[in-house]
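Under the working numbering, the first residue of the sequence shown carries the number 144, and numbering increases by one thereafter.
Just so it is clear, CB atoms sit at the ideal spot from N, CA and C, and this is done for glycine as well.
Presented below is the structure to which this report refers.
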Amino acid sequence: MDISHASSLSKTDALALRYGEDAIPAAGPWNDAIALLASHRSIRGYRSDALPDGTLETLIAAAQSAATSSNLQTWSVIAVTDPEKKAAIARLSAGQKHIEQCPLFLAWIADTARNERLGAEEGVTLEVLPYLETFLVAAIDAALAAQNAVVAAESIGLSTVYIGAMRNNALEVAKILGLPQGTIGVFGLCVGYAAPGVANEVKPRLPQEAILFHDTYGTPNESKLRADYDAKMAAFSARNDMTQDTWSRRVIGRMGKIAALGGRDRLVAALNAMGFPLR
Ligand SMILES: Cc1cc2nc3c(=O)[nH]c(=O)nc-3n(C[C@H](O)[C@H](O)[C@H](O)COP(=O)(O)O)c2cc1C
């Protein structure tokens, strides 16, 4: 059983990489599975090597083992390996080269169409289908499933990166993937072996005090915690050739202007066009 490199790290070392030496949380129980989770990092450069036979099916078994709201299973996944389709999706997803490089690109689909077909075959109108709640259920379930696939992939020495930019041009992507009404791609996932020399450091996160509250929302220390984290991310960014150096600048860069949405400001229209009125 390959739990990848995770099990070689002690709890303290793994937490120091995730939070920095000065913000190691007082974590208790620990095992190889948690060490694997704590050592996650996105990878944006891939070797072209094919995956071992059955890898896709293994990842999907992990994905389908995630919890799913009311067992509705309102998601599907499309394994894209056709180089032309991957190139087209890459072009529509801010030109991210790793989509073309990776041997397996998984397009995760919020899918209420299967249940709609069930209703049609049973002669029943599923009244909840047009509601925002139903889309949210489908998108959440797709994300939970995909994250199980990510963990499974990392546990066998593979790397991944999510592709939210697949929503930049959701209708064009839908055409490429042959998506019917009642479905939409919510994000992609590159899967493969990390190329040599690709920056491979664990990215620090906010200290737990900034996001973990007890009984009531909030912490009085948020500004200081953010400043400390900005310093950590600046150092991380310098070591990893990232453009925006602090976390604050990255958030502002990503959330400060509509243009940063890369076309996702048109998402409601795309959802409507794909048969999600979002009532
Ligand atoms: C839903 C989702 C969409 C993402 N989309 C992209 C993307 O389009 N391109 C990319 O390079 N990274 C993407 N990421 C990866 C994040 O940038 C990454 O997880 C974050 O910077 C933290 O880094 P880490 O995963 O290495 O810890 C996405 C992550 C998530 C969860």
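Mapping DSSP to helix, strand and coil, what is residue i?
i: Ala342; result: coil
i: Ile186; result: coil
i: Ile167; result: coil
i: Val220; result: strand
i: Phe419; result: coil
i: Ser191; result: coil
i: Gly405; result: coil
i: Asn383; result: coil
i: His357; result: coil
i: Tyr274; result: coil
i: Arg348; result: coil
i: Trp173; result: coil
i: Val280; result: helix
i: Pro363; result: coil
i: Gln207; result: helix
i: Lys229; result: helix
i: Gln290; result: helix
i: Glu259; result: helix
i: Glu265; result: coil
i: Ala237; result: coil
i: Leu179; result: helix
i: Leu215; result: coil
i: Gly321; result: coil
i: Gly396; result: helix
i: Ser298; result: helix
i: Asp388; result: coil
i: Leu158; result: helix
i: Asp196; result: coil
i: Leu152; result: coil
Checking the sheet assignment: what are the DSSP bridge partners for residue i?
i: Asp254; result: Thr326
i: Leu247; result: Val334
i: Thr93; result: Shown here, the chain extends from 144 to 422; a query on residue 93 therefore has no answer.
Are the beta-carbon atoms belonging to residue i and residue j less than 8 Å from one another?
i: Ser185; j: Thr303; result: yes
i: Met417; j: Gln290; result: no
i: Pro350; j: Met376; result: no
i: Leu160; j: Val341; result: no
i: Tyr162; j: Tyr336; result: no
i: Ile354; j: Ile306; result: no
i: Phe330; j: Leu421; result: no
i: Leu199; j: Ala222; result: yes
i: Leu179; j: Val294; result: yes
i: Ala282; j: Ala253; result: yes
i: Ala403; j: Arg409; result: no
i: Ala308; j: Gln239; result: yes
i: Leu202; j: Val280; result: no
i: Ala263; j: Trp218; result: no
i: Asn311; j: Ala237; result: yes
i: Val271; j: Ala250; result: no
i: Asp192; j: Pro246; result: yes
i: Ile167; j: Ile232; result: no
Just to check my reading of the structure: residue i and residue j have Cβ atoms closer than 8 Å, yes? What is that Cβ distance to the nearest angstrom?
i: Thr389; j: Asp373; result: 4 Å
i: Ala313; j: Ile299; result: About 31 Å separates the two Cβ atoms, so there is no contact after all.
i: Ser455; j: Ala157; result: The structure shown does not extend to residue 455, since the chain is modelled only from 144 through 422, so no value can be given for it.
i: Val334; j: Leu301; result: 6 Å
i: Leu235; j: Val316; result: 6 Å
i: Leu269; j: Glu259; result: 6 Å
i: Leu261; j: Ala292; result: Not really, about 25 Å apart at Cβ, beyond 8 Å.
i: Lys154; j: Ala170; result: 6 Å
i: Glu352; j: Asn364; result: 6 Å
Quick check: is the beta carbon of residue i nearer than 8 Å to any beta carbon in chain D?
i: Gly171; result: The displayed structure is made up of one protein chain only, and chain D is not part of it.
Practice problem: Anything with a beta carbon under 6 Å from a heavy atom of ligand 1 counts; list them all in chain order. | Solution: His183, Arg184, Ser185, Arg187, Gln239, Val304, Tyr305, Ile306, Gly307, Ala308, Phe330, Lys346
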